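Enquirer: The sequence shown maps to residues 548 to 687 in the working numbering.
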Amino acid sequence: MIREVHDLKNKERADHELKFGSFNSFPPNWKPIQEDDFWSTFMTYSPILQEYRQMYPVRNDDPSRRDHNARMTVAKLFYFGRDEGLAMVEVVVNARKVRPQFFQFAACEHEWRHTGTPYNCYNTYECTKCKMPMAIDSSD
Ligand SMILES: [Zn+2]
548 MIREVHDLKN
558 KERADHELKF
568 GSFNSFPPNW
578 KPIQEDDFWS
588 TFMTYSPILQ
598 EYRQMYPVRN
608 DDPSRRDHNA
618 RMTVAKLFYF
628 GRDEGLAMVE
638 VVVNARKVRP
648 QFFQFAACEH
658 EWRHTGTPYN
668 CYNTYECTKC
678 KMPMAIDSSD
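#1: How is the alpha helix (DSSP H) around Phe567 delimited, first residue to last?
#2: Grab the span of the alpha helix (DSSP H) containing Thr591 for me, first residue to last.
#3: Just tell me which of Tyr599, Val645, Cys668 and Leu633 has its CA closest to the CA of Ser593.
#4: Does Asp554 come out as helix, strand or coil in the three-state DSSP assignment?
#5: What is the rounded straight-line gap between the Cα of Ile549 and the Cα of Glu631?
#6: Which same chain residues, not among the five before or five after Tyr599, have their C-beta less than 7 Å away from its C-beta?
#7: Of all the options Glu564, Phe649 and Met679, which has the alpha carbon lying nearest to the alpha carbon of Ile580?
#8: Report buried or exposed for Phe570, applying the criterion of at least 16 other Cβ atoms within 10 angstroms of its Cβ.
#9: Tell me the rounded alpha-carbon separation between Pro647 and Ile595.
#10: Quick check on DSSP: helix, strand or coil for Asn670?
#11: So for Tyr599, helix, strand or coil by DSSP?
#12: Anything with a beta carbon under 6 Å from a heavy atom of ligand 1 counts; list them all in chain order.
#13: For Glu559 and Val552, what's the separation of their Cα atoms in angstroms?
#14: Kindly give me the distance between the Cβ atoms of Thr620 and Met602, rounded to whole angstroms, as I take these residues to be in contact under 8 Å.
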């Protein structure tokens with residue numbers, strides 16, 4: 548069963564919101580993607596966390612506050628490893644929910660730097676921005 552953000556304990560939830568924002572905010576690096584790109588990732592990997600959000604843009608006159616007069620964006624967010632995620636945004640036409648729009652987001656737009664090849668077909672990388680490590684074993 549996928550965990551829900553609202554079920555996280557206090558400390559875990561505070562850490563989560565520091566990285567990804569809270570219920571009324573858009574997560575960082577929010578970008579539209581094509582439906583086939585959404586499905587390709589969604590069917591390949593399993594989300595580790597999910598969240599329902601009602602998001603508002605920041606105010607023009609005060610970016611530290613939300614503009615609750617702007618149109619609300621209702622979304623279901625799916626979190627994967629590497630602090631990245633996918634989202635489906637609700638689209639309502641004539642009071643009916645129709646095909647959603649698809650988005651991606653990420654705590655960091657990783658830029659991977661090759662750090663080594665400890666053995667054949669095994670390569671290590673590190674993000675130059677957030678220092679997250681990654682390894683790819685291409686021998687599979
Ligand atoms: Zn990064």
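C-beta atoms are modelled at their ideal positions from N, C-alpha and C, and glycine is treated no differently. All of these numbers come straight from a predicted model, not from anything done at the bench.
Expert: On the basis of the supplied data:
#1: Against the sequence shown, residue 567 aligns to sequence position 20. Taken as a continuous stretch (DSSP letters only), the alpha helix (DSSP H) holding Phe567 covers Asn557 to Phe567.
#2: Mapped onto the sequence shown, residue 591 falls at position 44. For Thr591, the enclosing alpha helix (DSSP H) covers residues Glu582 to Thr591.
#3: As a position in the sequence shown, residue 593 is number 46, starting the count at 1. Comparing Cα positions, the closest option is Leu633.
#4: Translated into the one-based positions of the sequence shown, residue 554 becomes position 7. Looking at Asp554 - three-state DSSP - the assignment turns out to be helix.
#5: Within the sequence shown, numbered from 1, the residue matching residue 549 stands at position 2. Within the sequence shown, numbered from 1, the residue matching residue 631 stands at position 84. Whole-angstrom Cα-Cα distance: 16 Å.
#6: Taking the sequence shown and counting its residues from 1, the one referred to as residue 599 is at position 52. The answer, listed in chain order, is Lys623.
#7: Along the sequence shown, one-based indexing puts residue 580 at 33. Of the candidates Glu564, Phe649 and Met679, the one whose C-alpha sits nearest the C-alpha of Ile580 is Phe649.
#8: Position 23 of the sequence shown holds residue 570. Exposed, because fewer than 16 other Cβ atoms sit within 10 Å of the Cβ of Phe570.
#9: Taking the first residue of the sequence shown as 1, we reach residue 647 at position 100. Taking the first residue of the sequence shown as 1, we reach residue 595 at position 48. About 21 Å.
#10: Locating residue 670 in the sequence shown gives position 123, where the first residue counts as 1. Asn670 falls in the strand class under three-state DSSP.
#11: In the sequence shown, the residue the question calls residue 599 occupies position 52. It is a strand residue.
#12: With 6 Å as the limit, the residues whose C-beta approaches any heavy atom of ligand 1 more closely are Cys655, His657, Cys674, Lys676, Cys677 and Met679, in sequence along the chain.
#13: As a position in the sequence shown, residue 559 is number 12, starting the count at 1. As a position in the sequence shown, residue 552 is number 5, starting the count at 1. Cα-Cα distance, rounded: 9 Å.
#14: Here residue 620 refers to the residue found at position 73 of the sequence shown. Here residue 602 refers to the residue found at position 55 of the sequence shown. Yes, they are in contact, since the Cβ atoms of Thr620 and Met602 sit about 5 Å apart, within 8 Å.
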